[in-house]
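Chains as they are written, first to last, in the numbering used here: chain G, 1 to 408; chain S, 1001 to 1408; chain H, 2001 to 2408; chain Y, 3001 to 3408. Built from N, CA and C at the ideal position, the CB exists for glycine as well.
4 protein chains.
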Amino acid sequence: MKTIEENLVLEIKSRTDGKEIKFESSNQLLQTYKHIRQHSEHICQPLQTEDYVVQPVVDVSPPKWHLGHTTWFFETFLLKPYLKEYKEFNPEFNFVFNSYYETIGTRVIRTDRGNLSRPTVNQIYRYRDYVDAAMEEFLKGEITDEIENIILLGFNHEQQHQELLYTDIKYILGHNPLFPAYDDKGIEQVSIEMKNEWLHIPEGVYEIGFEGEGFCFDNELKRHKIYIQPYKISSRLVTNEEFLQFMNEGGYSNFRYWHADGLEWVKSKGAKAPLYWHLIDGDWHYYTLGGLKKVEPQQPVTHINYYEASAFAAWKGMRLPTEAEWEIAAKKFSWGKRWEWTESAYLPYPGFAKAEGAIGEYNGKFMVNQMVLRGASVATAQGHERITYRNFFQPDLQWQFTSIRLAQ
Amino acid sequence: MKTIEENLVLEIKSRTDGKEIKFESSNQLLQTYKHIRQHSEHICQPLQTEDYVVQPVVDVSPPKWHLGHTTWFFETFLLKPYLKEYKEFNPEFNFVFNSYYETIGTRVIRTDRGNLSRPTVNQIYRYRDYVDAAMEEFLKGEITDEIENIILLGFNHEQQHQELLYTDIKYILGHNPLFPAYDDKGIEQVSIEMKNEWLHIPEGVYEIGFEGEGFCFDNELKRHKIYIQPYKISSRLVTNEEFLQFMNEGGYSNFRYWHADGLEWVKSKGAKAPLYWHLIDGDWHYYTLGGLKKVEPQQPVTHINYYEASAFAAWKGMRLPTEAEWEIAAKKFSWGKRWEWTESAYLPYPGFAKAEGAIGEYNGKFMVNQMVLRGASVATAQGHERITYRNFFQPDLQWQFTSIRLAQ
Amino acid sequence: MKTIEENLVLEIKSRTDGKEIKFESSNQLLQTYKHIRQHSEHICQPLQTEDYVVQPVVDVSPPKWHLGHTTWFFETFLLKPYLKEYKEFNPEFNFVFNSYYETIGTRVIRTDRGNLSRPTVNQIYRYRDYVDAAMEEFLKGEITDEIENIILLGFNHEQQHQELLYTDIKYILGHNPLFPAYDDKGIEQVSIEMKNEWLHIPEGVYEIGFEGEGFCFDNELKRHKIYIQPYKISSRLVTNEEFLQFMNEGGYSNFRYWHADGLEWVKSKGAKAPLYWHLIDGDWHYYTLGGLKKVEPQQPVTHINYYEASAFAAWKGMRLPTEAEWEIAAKKFSWGKRWEWTESAYLPYPGFAKAEGAIGEYNGKFMVNQMVLRGASVATAQGHERITYRNFFQPDLQWQFTSIRLAQ
Amino acid sequence: MKTIEENLVLEIKSRTDGKEIKFESSNQLLQTYKHIRQHSEHICQPLQTEDYVVQPVVDVSPPKWHLGHTTWFFETFLLKPYLKEYKEFNPEFNFVFNSYYETIGTRVIRTDRGNLSRPTVNQIYRYRDYVDAAMEEFLKGEITDEIENIILLGFNHEQQHQELLYTDIKYILGHNPLFPAYDDKGIEQVSIEMKNEWLHIPEGVYEIGFEGEGFCFDNELKRHKIYIQPYKISSRLVTNEEFLQFMNEGGYSNFRYWHADGLEWVKSKGAKAPLYWHLIDGDWHYYTLGGLKKVEPQQPVTHINYYEASAFAAWKGMRLPTEAEWEIAAKKFSWGKRWEWTESAYLPYPGFAKAEGAIGEYNGKFMVNQMVLRGASVATAQGHERITYRNFFQPDLQWQFTSIRLAQ
């Protein structure tokens, strides 16, 4: 199975819009660079050294790997090719922080990230400092459009890893039997509109997909027309209270609500509740980055996979929206706290094409066996959310901050 | 992994159109019954007793199981509930020919089809005779609309198993190192138009999905509008000659053409050619139901899975059509010899709903992780093909008579 | 995992004693040949064609494979090298009936025995007739010592497969939900002495291992001295009644009686009783070759693996005998109905050496991770049992006619 | 698969000799306690925090787990039951440092050791300090024989984990692509006698097994007579130079030298050399705790499993000694640098019995599917080696400091 970060790097590599998003000055570029880089370290600030190291499952990467890998990106794609006389920090880091297996001479070693105690966390922070200093120098020089484009990719890349830092840290701490808190508050708590309204969208031809200025990934292109049947979509996310009702009424054990593959997932995992939920002395608790607490009825249900989202909707006698239905209606409701599962498989838009300048891979390679999520989450870097953004995961994954919005 | 027949039975169970397809007379019903039942036995006529027994992989069922299971369907859903004083042939057959695990008293036994030497082939033919005699008596009686509907389901059910009989027999004989022929000619040879034309379909709103008289499955409903961008679609299928060129130019080893999951499939299987292809003394041969022969350049490439179809298209710089594009254009080209992979994931049509009368399951349960095929194949029972028919399989399966039609 | 027959063939190939076991006349050889060959077919006489074909688990081979493989042995090691102008029956049979994967030209096909419907049972009987006719002619000619030795191996080889025919047929029929009987009586029923006596063997130096005239396998050599502590060994096998008591007192769920690996086996299989036992309406039944019947209290417990045998002994506060203890005492008790598990791992005797004339492999290759069984069973070919004979299996296997004799 | 430490704890728990090994004074006890406890920390002194955390394979435990688990032993079996008013350091540590899965309330969490970032290394050192202070107080009080026995077990337990600390640290650092050194020298380098002599041991009755004063495990009992055939045993271990010759002459690819299970291991792992060996620019290097270096010809070959040891011996036309042969001859040669594989399966000695006082488990549970090693290694705690000591591992494990001594 691919790890999510391979996915993300590839998306970035293959960005193909060609639009020029000029920064006003190299100073602005530098400030943005510093801001983004510091934010990654800020996220890790509450961690103990040991928390940086472990990898409980293949989809989760150790925080120190995220810190090193995003740094490797700037070193590999900017400093080494473009900064004259740049001296690599450590040539061996290439096969530790690259996303793939690597061969150095005749040594072929699978870099199982969670098994690597070295480089240490301190060494990685020194690596970051070293690269940041070189980048600062570099950004003072002349920045061509081509280089600016790569810098922009580096920004988006690091921001995506910031989202993964939150989800992966939560997985690491939340699967520790001591349930250590990340900090006092966590990031999960959001206020959502409690009153549900059904938005009615009339039949007709609509347009979806990215257009205009600014950054987007190749899979959001091209903007195109689509014919939509009339539908209703909920103004708010499903709450824990509603999901508990599904659980209490036997939702996990009634095969009628589940896809065949979903049922197999339920059985093989013995699934009975969302990820991070624990029944303690008769009460459902869940782990949040703020620690273990009782499940809050009025919060949106989170950490459910596509199968669970779909089964819940079936139990309600409803369904999930398609990604087009979501995008068309999204201006009319509040979103951005949780990634929302859609009923759409991840497939190319009409006219989707392999990027001319793509570095060896193209985004289409993931367009099978995955479902689309729309929106953004509390873990998403600021300014990173976009109404046309298409996230995607295998239908069994739960560790993202996902939720459910119903349609009918 | 589900076996395809479970899939099919479920589809049938959940048929939900409610349209009444009256036969003119009960005599016509009886003649149709006899014709369909005899055709299943006709397909098996060239087999040796041993060929009826084996199950080389989980997706393939032993021919004797198909013969028993289709008979069990008529006995279980018609004779036992509706024919007064009908005496079951053998109560234990229920848990041999049912599609699922069964419990009889405290015995719970997984009926691994390919491990069951009993009931023997002769016993199964006697079972068929017994049920056919009872059905003949039954069909002479009064047939209500409800019963007629179930009979119709039984017909479609048995016809789908006839298609599977061909694909499964081919798998059984084609994986025997002696490469025994099924008969002299096989069924694969077709004449296809050699001249390729690109049909241009203009942009606009079209309608797809079933409407009108006659039988259809619930997943073909409802007919609905769809907006289509302009596209071109090929008038003929990809040939072996073209696919050989893909192979010769390293198509199987160039990661650029493959989905990530497809590449993993290639590596884990060591795939280098379509199923049934063997390189013998430097020449590519393939097994057909007529025996092992040299690959014929002008025949449509067959027994490729979705990953292979998609990789071939990428190598050509083109793509597969979506199922809507296929359905819209299908009146303008010849189809029906091979199942054609589309770029569409198997998902519900707008307004798709669980059938009111469905027997415990509904079709939507397979609507994840599968791709749609359109058309029909040389193994499809006569009169069974339909322009709105939606077949679907996991993207790694090859044993159906599949092929490729390009779009751009 | 190796299949048992590979094991047996290798043993035979590597037979190294060099003792000459002369038959008095070539006529006697011929009569023995006929007798042995007919006995294999006699064992299969009650089977339906379908029973010859299936392979429910990897350790079990289809009966038709046994019939073909033993024939292939005579053809390959005698007729082809020594009978002038012998014409092979079918060159392709080599890679169907050889024990290993085979390459023919560029075709490499794994011959999964249970997936092969061809050659048919009839073809295999014709193959036997053809080879038998040639052997008859061959045995009328001059028989050198070397050839006689190979003939003798062929005899022993076929006799070992006769034992496997019984165990494999039982597995095939006994795992069919219809529980078809092999014949009216089965072969399991034996009369055993009901009165248990503890034989006291005094401390001292004893000799074990084969010596003298006649056939033996290399692993029985050389006869050597061994120092034995005083011990007691039971004069009879453990009965079903005793084993039921172990079951009823929670023997399968009490970890104290089990090896760590045994406990893991119990858990992974959900084991609660010997193989072939079924709890039906509150009574324990078992499948015998004579059909399904209530468990008979006074019969020896059968179809238990080493872990079960050892756990039973621990529950009794006793142990299994070592193979030396068994061999030393065996003249004083009745044996030969069931293979008896010992507490000895399968290891080389002092002075065990690779056979000079071994054909490519040697017996020592199995001398790890297996336990020794002593005695013989109701399925053992007449005259095949021997007090020094060392049978061996992985400790988790149950499908042989095994049992338990206690020691302390 | 069991982890080795479960094994060791069980051995200790079940120690059954009942011999009283009095310390002269409680002060001597305290000094020994301090010495042993400090040595564990001394071993870890060169580690970075991150090195304490990871678990690359199931047989290896994170160093911080060893430090916590040995402390938990003293707290659980001495302080909590015997030290009045002792207050547990942290009740939740029980299910982190116990060897088994644990249930606390309704939470059942599998404590995958390598996924646990908490408790941190600092917390574990504080835990050690806390328990050491309490133990110091405790050891000043009255020590009954029963308590002294448990203390003694705790000493042996911690010493066994000291050996594992070395092997596990080596595995962690040696599987890091940066090949960090543990310290300047490593511990592997030993001087061995280069001249090989064949010690001739005459046939006869010998005695093996533990007797006399001092500590031993239950599996070394009872001392008993054994009859031995004449044999020769080498006075020194096999060297890297000799093993390289085996490799260069195709030893890993010639099936004749290997057990069937060994060959399967070779194929599944692609094994071509001992663990930690890497071919770099044409020269064989190996990782030692002193870093990566060229293979030294005159050092004993190390980190080979039983299959490799046995294949090497077969290639030489010799064999491994049995454990009895080893024990009888061991006074005449130098040993103690490497654990030496024997040809003996791990089985009970005559008269071996379940310990009366065993705490829930007994040592016999591992007496299947494992091979005996004799001697001791450079990682063995001082004073821990013993001529009757029986170590045992599955035949595929390589990470201990193993080697080969030939016999014939």
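query: What residue does the beta strand (DSSP E) around Y206 (chain G) start on, and which one ends it?; result: 204-208
query: S1025 (chain S) to Y1231 (chain S), Cα distance in whole Å?; result: 46 Å
query: Look at D2168 (chain H) and N2305 (chain H) and say whether their C-beta atoms are less than 7 Å apart.; result: no
query: Suppose you measure from the CA of T1120 (chain S) to the CA of Y1052 (chain S); what does that come to, to the nearest Å?; result: 9 Å
query: Just checking my contact of E3343 (chain Y) with R3374 (chain Y) at CB under 8 Å: how many whole Å lie between their CB atoms?; result: Actually they are not in contact, since the Cβ atoms of E3343 (chain Y) and R3374 (chain Y) sit about 11 Å apart, beyond 8 Å.
query: Taking only runs that begin and end inside the region 277-320 of chain G, name each unbroken alpha helix (DSSP H) of 4 or more residues, in chain order.; result: 306-315
query: Count the other CB atoms within 10 Å of the CB of A133 (chain G); is the residue buried (16 or more) or exposed (fewer)?; result: exposed
query: Would you say T3388 (chain Y) and E3207 (chain Y) are within 7 Å of each other, going by their C-beta atoms?; result: no
query: In the DSSP assignment, find the unbroken alpha helix (DSSP H) run with N2156 (chain H) in it and report its ends.; result: 2145-2174
query: If distances are taken between C-alpha atoms only, which option among H:G2351, H:A2353, H:Q2159, H:W2198 comes closest to L2067 (chain H)?; result: H:Q2159
query: Determine, using beta carbons only, whether R1113 (chain S) comes closer than 7 Å to chain H.; result: no
query: Taking 7 Å as the threshold (C-beta atoms), are L3237 (chain Y) and R3405 (chain Y) in contact?; result: yes
query: Using the C-alpha atoms, what's the distance from S3234 (chain Y) back to G3336 (chain Y)?; result: 15 Å
query: Does chain Y have any CB closer than 7 Å to the CB of S61 (chain G)?; result: no
query: Counting only the same chain and skipping the five closest in sequence on each side, list residues whose C-beta sits under 6 Å from that of E1188 (chain S).; result: T1288
query: Between the region 380-387 of chain G and the region 1276-1288 of chain S, do three or more beta carbon pairs fall short of 8 Å?; result: no
query: Residues of chain H with CB closer than 9 Å to the CB of E3343 (chain Y), please, in chain order.; result: L2347, P2348, M2367
query: To the nearest angstrom, how far is the alpha carbon of N156 (chain G) from that of N98 (chain G)?; result: 17 Å
query: Apart from the five residues just before and just after Q1408 (chain S), which ones in its own chain have a Cβ nearer than 6 Å to its Cβ?; result: K1232, M1318
query: For D2261 (chain H) and chain Y, any beta-carbon pair shorter than 7 Å?; result: yes
query: Short of 7 Å Cβ to Cβ, which residues in the region 199-227 of chain G face chain B?; result: As a matter of chain content, chain B is missing from the structure shown, whose protein chains are G, S, H and Y.
query: Is there a Cβ from chain Y that is less than 7 Å from the Cβ of Q2398 (chain H)?; result: no
query: Could you tell me the boundaries of the alpha helix (DSSP H) in which Y1033 (chain S) lies?; result: 1026-1044
query: What residues match up with K2332 (chain H) in a beta bridge as DSSP calls it?; result: None; K2332 (chain H) has no bridge partner.
query: What does the Cβ neighbour count give for N176 (chain G), buried or exposed, with the cut at 16 atoms within 10 Å?; result: buried
query: Whose C-alpha, out of G:E142, G:I36, G:W65, G:G251, is nearest the C-alpha of W314 (chain G)?; result: Looking at the sequence provided, one finds Ala at residue 314 (chain G) rather than Trp. Checking every option, the nearest Cα to that of A314 (chain G) belongs to G:G251.
query: With distance defined between alpha-carbon atoms, name the residue in S:W1258, S:W1341, S:Q1245, S:M1135 nearest to G1150 (chain S).; result: According to the sequence displayed, residue 1150 (chain S) carries Ile and not Gly. Out of S:W1258, S:W1341, S:Q1245, S:M1135, S:M1135 has the C-alpha closest to the C-alpha of I1150 (chain S).
query: Could you tell me which whole alpha helix (DSSP H) segments of length 4 or greater appear in the region 2044-2106 of chain H?; result: 2063-2074, 2094-2097
query: Can you look up E1361 (chain S) in the DSSP assignment and give me helix, strand or coil?; result: Per-residue confidence for E1361 (chain S) stands at a pLDDT of 45, beneath the threshold of 50, marking its modelled position as unreliable; the derived number appears in the next sentence. Reduced to three states, the DSSP call for E1361 (chain S) is coil.
query: In this structure, does DSSP put G186 (chain G) in helix, strand or coil?; result: coil
query: For the region 1031-1050 of chain S and the region 2111-2118 of chain H, state whether three or more C-beta atom pairs, one from each stretch, are separated by less than 8 Å.; result: yes
query: Return the CA-CA distance between L3165 (chain Y) and I3043 (chain Y), expressed in angstroms with no decimal places.; result: 7 Å
query: Establish whether the CB of F2393 (chain H) and some CB of chain S are separated by less than 7 Å.; result: no
query: Can you list, in chain order, the residues of the region 1172-1203 of chain S whose Cβ is nearer than 8 Å to any Cβ on chain H?; result: I1172, L1173, H1175, N1176, P1177, L1178, P1180
query: For chain G, is any of its Cβ atoms less than 7 Å away from the one on T3120 (chain Y)?; result: yes
query: The alpha helix (DSSP H) that contains M2247 (chain H), what's its start and end?; result: 2240-2248
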